[in-house]
Amino acid sequence: MGFKVGFSKIVITPKIGTPMGGYGARIGNSSGIHDDLFARSVYFNHNGEESLIISADVLSFPLEVVKFYRKLINQKTGIKKPRIFICALHNHSGPDTIGITLPTRGFFRLKFAKQIFIDLGRKIIKVAQQAKKNSREAIIGADKKLMEKRLIINRREPLKDSKYEVGIIQFSDLQGDLIGIIINYACHGTVLPSDNTLFTAEYPGYLVKRITARLGDNVHIVYLNGPNGDINPNLFDFDVDLKELDAKKELLYDGPGHAKGNFKRAREIGFAIADMALEISKKIKNEPVTDFKHTSKSYIFPMKNLIYENSVRMYLKHILYKLKLSILWGLWRLNKTEIPYPIDFIKKDGKYFQEAEIHAIKINDIVIVGIPGEVFSELGARVLKKSSVPKTFIVELANGYLGYLFPFQDFRKGGYEMFLSVNPAEGTYLTNKAINLVNAL
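Residue numbers (my numbering): 119 to 559.
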């Protein structure tokens, strides 16, 4: 039977007036549509073993929503639920799928707009069905190249001069004609600021448009976002002095006096990634698929502060941590009959735990590994370094949402990212599990 791949896409733009996600400072709901949002899918079949990846221009997906979508997709397509990989591009100019908007002016509203998830679910089923229907025999190739242009900035530590590789996985038919390309880079979907009320696919939308204009509509493009928990788009000159930014970090956070991006900058970033992807694509030699695996594991870990240090500062952090959890648990209990809460809790023997899934899809010497949170760049770099598979592609916000996933030392430094996490150790824990899962393939 060999190897087959199929692609599909579908518009998922909500109606005007739908609450937008991503910024606590945003006032008001969506007022219009700048460009459409999409869900895009890639279907794999190797000798009867099926897998599916779905990537959507939304902020995030709670794990319970992912599980519900998998159930529906399985019923319509027959693809096994553990082999369905659903990720979000963390688009801050899409619908609110966390609960970050009014009336609370902060994260985790008491009630979600359930219709967002219902409408999105219908379309995700369709895009999954169509990708399978479109499948045909294919060969594969992949490569990466470092993006030297300063498209991104580490908002917590600008002096790190963070850079990331543009990676592509491409598929062609047996005659050598391109079928589709998966593109991977790492950048927050925050080019547009909180006062933008137009739905837009942000820089990934421009990336897709650029490549489609060059290669034609018959070549499908899917973007998968890499580890960008602490990585912002560069809204300054591309040769900005990082020392000056380091002295004014407040400019890198959304709020009064912050740097504001615009559609021009979203286009510049998207086009730059697209142009490098096209450059890489020309040099890749595609080969038949001889090895295909999709494995996933679910992990349960306690929701408690696992980092202790004998200092007043850490003691105060621990008090804040306990207060945060008491608030979150209370909101979760109030909301448990509604659409599942954005951070997934499990209650067992009177205690609360979190569930997290790690997925890894291996095709020849290529691995796509999915981690369910906003992964800090240092943890992402560790996964890449420790992976035994030469071409490893990290996808964050895949198959669930656990908030920020950061190293121990970042918890000690503090910052708002620390509040949007319910276990200070989960970043290190889950990236270690990701490394183990990849290396066991």
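No residue lacks a Cβ here, since even glycine has one placed at the ideal position from N, Cα and C. None of the values given here were measured: they were computed from a predicted structure.
Residue burial annotation: MET138 is buried, with at least 16 other C-beta atoms found within 10 angstroms of its C-beta. Taken through DSSP and simplified to helix, strand or coil, GLN293 comes out as coil. In the structure shown, ILE145 falls within a coil segment according to DSSP collapsed to helix, strand and coil. Between PHE235 and ASN192, the alpha-carbon positions lie close to 18 Å from each other.
Rounded to the nearest angstrom, the gap between the Cα atoms of GLY344 and ASP467 is 36 Å.
By the Cβ-count criterion, MET394 is buried, with 16 or more other Cβ atoms from all chains shown falling within 10 Å of its own Cβ.
One alpha carbon belongs to ASP364, the other to LEU342, and they sit about 29 Å apart. Taken atom to atom, the span from the alpha-carbon of VAL160 to that of GLN288 is near 11 Å. ALA474: not part of any alpha helix (DSSP H); member of the beta strand (DSSP E) spanning 469-481, first to last residue. Per DSSP, the unbroken alpha helix (DSSP H) holding LEU502 starts and ends at 495-504. For GLU182, no beta strand (DSSP E) segment is defined; the enclosing uninterrupted segment is the alpha helix (DSSP H) at 181-195. Looking from the CA of ILE216, the closest CA among PRO180, GLY120 and VAL487 belongs to PRO180. Taking one beta carbon from each stretch, the region 267-284 and the region 168-176 have fewer than 3 pairs nearer than 8 Å; the two do not touch. Contact between the region 491-509 and the region 519-533 is present: 3 or more CB-CB pairs across the two stretches fall below 8 Å. In the DSSP annotation of this structure, the continuous segment of the beta strand (DSSP E) that includes PHE511 starts and ends at 509-514. For CYS205, the beta-bridge partners assigned by DSSP are SER173 and ALA516. Rounded to the nearest whole angstrom, the CA to CA distance from GLY239 to TYR187 is 6 Å.
For the pair ILE418 and VAL245, the CB atoms are not nearer than the 8 Å cut-off. Counting of Cβ neighbours within 10 angstroms places THR136 among the buried residues, the total reaching 16 or more.
The straight-line gap separating the alpha-carbon atoms of GLY533 and PRO351 is approximately 19 Å. About 7 Å separates the Cβ atoms of ILE339 and ILE301, confirming a contact at the 8 Å cut-off. Look at ASN163 here: in three-state DSSP terms it is strand. According to the DSSP assignment, SER126 belongs to no alpha helix (DSSP H) but to the beta strand (DSSP E) extending over 121-129. With a beta-carbon spacing of about 7 Å, ALA319 and ASN209 fall inside the 8 Å limit used to define contacts.
Looking at the DSSP output, ASN350 sits in a beta bridge with ILE271. TYR141 and LYS189 have their C-alpha atoms spaced approximately 31 Å apart.
Taken in chain order, the complete beta strand (DSSP E) segments of 3 residues or longer contained in the region 316-372 are 338-343 and 349-351.
Residues of the same chain with a CB within less than 8 Å of the CB of ILE402, apart from the 5 flanking positions on each side, are GLY259, ALA260, ASP261, ILE286 and GLN288 in chain order. Cα atoms of LEU369 and LYS199: separation of roughly 43 Å, rounded to the nearest angstrom. Take the alpha-carbon of LYS382 and the one of GLY388: they are about 10 Å apart.
Cβ contact annotation for SER505 (same chain, cutoff 6 Å, sequence separation greater than five): VAL556, in chain order.
Inclusion of THR510 and VAL493 in the CB contact set at 8 Å is not warranted, their separation being larger than that value.
The Cβ atoms of PHE121 and VAL407 lie closer than 8 Å to each other. Inclusion of VAL358 and SER253 in the CB contact set at 8 Å is not warranted, their separation being larger than that value. When secondary structure is reduced to three states using DSSP, ALA260 falls in the strand class.
For LEU292, the CB contacts under 8 Å within the same chain, skipping 5 residues up- and downstream, are GLU255, ALA256 and ILE257 in chain order.
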